[in-house]
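What follows is a set of notes on a single structure, which appears directly below.
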Amino acid sequence: MIEPGGIIPVYQASFQPPELPTEFAHMASVNPFRSARYALSAHELRQLPVDSGIEIAIAGRSNAGKSSAINTLTGQKSLARTSKTPGRTRQIVIFELDGERRIADLPGYGYARVPKALKHHWQRLMQKYFEGRKSLCGVVLVMDIRHPLKPFDLQMLQWCDVAGIPCHVLLTKADKLKRGPRQSTLLAVRRQLPAGASVQVFSASTGDGLEELVTMLSRWFGLDTQPQGPAAN
Ligand SMILES: Nc1nc2c(ncn2[C@@H]2O[C@H](COP(=O)(O)OP(=O)(O)OP(=O)(O)O)[C@@H](O)[C@H]2O)c(=O)[nH]1
Ligand SMILES: [Mg+2]
Numbered sequence: 003m004i005e006p007g008g009i010i011p012v013y014q015a016s017f018q019p020p021e022l023p024t025e026f027a028h029m030a031s032v033n034p035f036r037s038a039r040y041a042l043s044a045h046e047l048r049q050l051p052v053d054s055g056i057e058i059a060i061a062g063r064s065n066a067g068k069s070s071a072i073n074t075l076t077g078q079k080s081l082a083r084t085s086k087t088p089g090r091t092r093q094i095v096i097f098e099l100d101g102e103r104r105i106a107d108l109p110g111y112g113y114a115r116v117p118k119a120l121k122h123h124w125q126r127l128m129q130k131y132f133e134g135r136k137s138l139c140g141v142v143l144v145m146d147i148r149h150p151l152k153p154f155d156l157q158m159l160q161w162c163d164v165a166g167i168p169c170h171v172l173l174t175k176a177d178k179l180k181r182g183p184r185q186s187t188l189l190a191v192r193r194q195l196p197a198g199a200s201v202q203v204f205s206a207s208t209g210d211g212l213e214e215l216v217t218m219l220s221r222w223f224g225l226d227t228q229p230q231g232p233a234a235n
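Using the numbering used here, the final residue of the sequence shown is 235, and nothing's skipped along the way.
This is the structure we're talking about:
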């Protein structure tokens, strides 16, 4: 049930992904996303922060792993609410890095068991968001690596291509596949992407692909991820 209008000030997590393995601990010093904090949840576009600066949207099918990816990216287990139940993220949830940089966790698309009126509302909201959001500078398109390039994903890729918005595909839940099929899916998806779009494998559970994602998003946000001091040489 969606709360009628208004900004939802309290945001609680219901699911706790596992701790990242210690081999990713070094990311703490170079990952600028660790300081991300929850800003607001918007049911309507007018509730979003002022449309300036840089906003990166995390899009994808319902249950693909968008919110989990945000938690792994930020190293915060419970920043974005995740769930086994599809359709958990129901508003546009905004996380701020600073006054000029934001990550938008979008409601998942393609979940059938949603009342028609709600589905229409989301579709309209998403369309208006993608068409009108001037600060939108990139889209991370999250796909379950076992079910990539579904019709909605293709639509989103095409839309980004036409609008000239950079799109980075995250083939997540990579821990569910062995190395061989993981690699062949990566290559197959890469072959089908429009020029300019990029793709990587990722796992929110193991942290696989985290460094690549941090590097990509840092570039979009104009942030420096180079380690400081002698280790940088
Ligand atoms: N094994 C594994 N499970 C994952 C991974 N990422 C997400 N999941 C699981 O997939 C389910 C959905 O994850 P969410 O992050 O809530 O997915 P979402 O795309 O935000 O879903 P909606 O908000 O409903 O659109 C949860 O049960 C997660 O624990 C991953 O990398 N590996
Ligand atoms: Mg979600």
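Quick reminder that beta carbons are idealized off the backbone N, C-alpha and C, glycines included.
As the structure is a computational prediction, the values presented were derived from the model and not from experiment.
In the structure shown, the three-state DSSP call for Asp-210 is coil. DSSP places Leu-172 in the uninterrupted beta strand (DSSP E) bounded by 169-174.
Note that the C-beta distance between Ala-59 and Thr-174 is not below 8 Å.
Shown here for Lys-136: same chain residues with a beta carbon closer than 7 Å to its own, the five before and five after excluded, namely Asp-53 in chain order. Not one heavy atom of ligand 1 is found less than 7 Å from the C-beta of Ala-44. Distances from the CB of Val-216 to the heavy atoms of ligand 1 are all 7 Å or more. For the pair Ser-207 and Ser-43, the Cα-to-Cα distance works out to about 25 Å.
Fully contained in the stretch 42-117 are the following beta strand (DSSP E) runs of length 3 or more, in chain order: 56-62, 94-100 and 103-107. Val-144 places its beta carbon less than 8 Å from that of Ala-71. Taking a C-beta distance under 8 Å as the contact criterion, Ile-167 and Val-141 qualify as a contact pair.
Burial state of Leu-75 is buried, judged by a 10 Å Cβ sphere holding 16 or more other Cβ atoms. Judged by the Cβ position, Asp-107 qualifies as a neighbour of ligand 2 at the 7 Å threshold, a heavy atom of the ligand being closer than this.
Excluding sequence positions up to five before and after Leu-225, its CB lies within less than 7 Å of the CB of Pro-34, all in the same chain and listed in chain order. At least one heavy atom of ligand 2 is found less than 7 Å from the C-beta of Ser-69. In the displayed model, Leu-179 falls within coil according to three-state DSSP, outside both helix and strand. Judged by DSSP secondary structure, Leu-159 falls within the alpha helix (DSSP H) whose first and last residues are 153-165. Remark: the C-beta of Thr-174 is outside contact range of ligand 2, defined as less than 7 Å to any heavy atom. The straight-line gap separating the alpha-carbon atoms of Lys-152 and Trp-161 is approximately 14 Å. Excluding the 5 residues flanking it on each side, Arg-48 has no same chain C-beta neighbour closer than 8 Å. Between ligand 1 and Val-141, a heavy atom-to-CB distance of less than 7 Å is absent. For Ser-200, the enclosing beta strand (DSSP E) covers residues 200-203. In the displayed model, Gly-140 falls within a strand according to three-state DSSP. Cα atoms of Ser-186 and Arg-148: separation of roughly 11 Å, rounded to the nearest angstrom.
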